[in-house]
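In the numbering used here, the protein residues as written are 5 to 409. Here a beta-carbon is modelled for each residue, glycine too, at the ideal position from N, C-alpha and C. Everything on this sheet refers to the single structure shown next.
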């Protein structure tokens with residue numbers, strides 16, 4: 005029998021640009037208590053001097069400058085994409101009650117988006133319209149994806165429209181680097197009860213498991229500060245330097261808030277500033293945790309705790325655990341860091357960033373628009389099955405946008 009005719013849209017990967025930042029951070033005071041500055045709207049973020057100046061998005065500005073320092077003028081930080089609107093029957097009021105078949109949200113607010121920076125949870129999508137915050141076409145313009153989630157709550161969900169675009173990008177020859185705290189969520193996981201990573205995080209990034217502290221819940225309910233990550237010790241010192249938290253950058257680039265902070269003035273919102281003397285105490289980044297690496301990965305950094313090997317009884321021992329890896333196989337190169345390098349000493353952070361970007365720039369198959377066609381390992385079927393599963397969910401209308409989660 006002759007198969008039914010239907011149109012098929014084909015996207016040819018161009019990879020004409022170098023790096024896209026997919027910012028999966030949650031910028032919402034109701035759901036996050038520690039996140040990089042992001043001026044989503046004036047009523048979402050407390051004003052200076054109570055909190056740092058809200059000139060941002062800081063992820064775009066700081067990491068974008070790192071990218072341009074690595075490769076001059078390759079990252080667009082300034083040409084903002086306009087907001088989009090879709091109004092039924094030219095009706096300016098796009099928010100309807102749904103009774104006439106129209107959906108609640110038809111506006112797409114871009115929130116500082118450029119062609120190289122997409123804050124995917126802060127872009128309001130066309131609800132239930134199968135449009136993600138970033139499309140496959142936009143992903144495939146880039147050679148490297150930098151996936152950032154730099155806050156203590158939520159997770160990077162790859163079972164989304166944006167996740168599908170990233171998976172297809174990697175399958176097409178793109179390389180990727182995750183810098184994320186609590187990539188699979190912030191729930192407290194004890195040392196002997198580690199959280200297994202999702203299939204995509206394991207298959208594409210070599211992360212077998214993650215351990216998190218539950219910082220946000222324990223901070224807001226127990227009036228106890230458990231953050232202790234002050235840096236990372238390099239395992240390949242000839243290539244990557246040791247990293248140390250810069251408390252000034254940690255205070256300048258991040259907002260800190262919790263119910264406990266607001267209810268108890270004696271309980272500092274900043275974990276490193278004395279309220280009486282206004283001096284910085286030893287600073288640490290919360291909810292970094294550590295990871296369990298999969299087969300074939302290369303460990304890069306070990307956790308450095310401000311308590312060393314003798315933490316208080318209410319904090320798990322993390323000193324010397326793995327916090328960063330990279331993964332190279334026959335198809336692509338990826339890396340996973342449990343932290344964002346922008347909070348580190350700037351000189352060392354730049355060196356690490358540029359070294360990793362050079363490593364990720366090895367892409368012998370990218371011009372083919374697909375993984376190594378000359379290698380027929382069992383992983384090819386695994387990657388194809390993951391892609392097919394996501395496409396099936398999309399066809400069934402079960403694949404949301406990250407901004408809808």
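query	result
DSSP state of residue 246 mapped onto helix, strand, coil	coil
Run of the alpha helix (DSSP H) containing residue 81, from where it starts to where it stops	First-last for residue 81: undefined, no H or E at that position.
Collapsed DSSP secondary structure at residue 291 in the structure displayed	coil
Local Cβ density within 10 Å of residue 77, reported as buried at 16 or more and exposed below that	exposed
Inter-residue Cα distance where the pair is residue 368 and residue 256	40 angstroms
Where residue 317 falls, given that 16 or more other Cβ within 10 Å makes a residue buried	exposed
Through-space distance from residue 346 to residue 183, alpha-carbon basis	10 angstroms
Closest by C-alpha distance to residue 241, when choosing among 233, 199, 28, 303	303
Nonlocal neighbours in the same chain, by C-beta distance under 6 angstroms from residue 328, ignoring five residues either side	304, 305, 341
Identity of the residue in 139, 143, 31, 117 nearest residue 21 by Cα	143
Residue 406 beta carbon less than 9 angstroms from that of residue 165	yes
Residue environment, residue 299, which counts as buried when at least 16 other CB atoms sit within 10 Å	exposed
For residue 305, three-class secondary structure by DSSP	strand
Supposed close pair residue 307, residue 236 - CB separation, criterion 8 angstroms	7 angstroms
Every unbroken beta strand (DSSP E) inside the segment 128-202 [3 residues or more]	146-153, 179-184
Three-way DSSP call (helix, strand, coil) for residue 119 in this model	coil
Expected contact under 8 angstroms - CB spacing of residue 152 and residue 25 to nearest Å	6 angstroms
Residue 25 (DSSP reduced to helix, strand or coil)	strand
Own chain partners of residue 297 with C-beta closer than 8 angstroms, once the 5 adjacent residues on each side are dropped	210, 211, 212, 303, 326, 329
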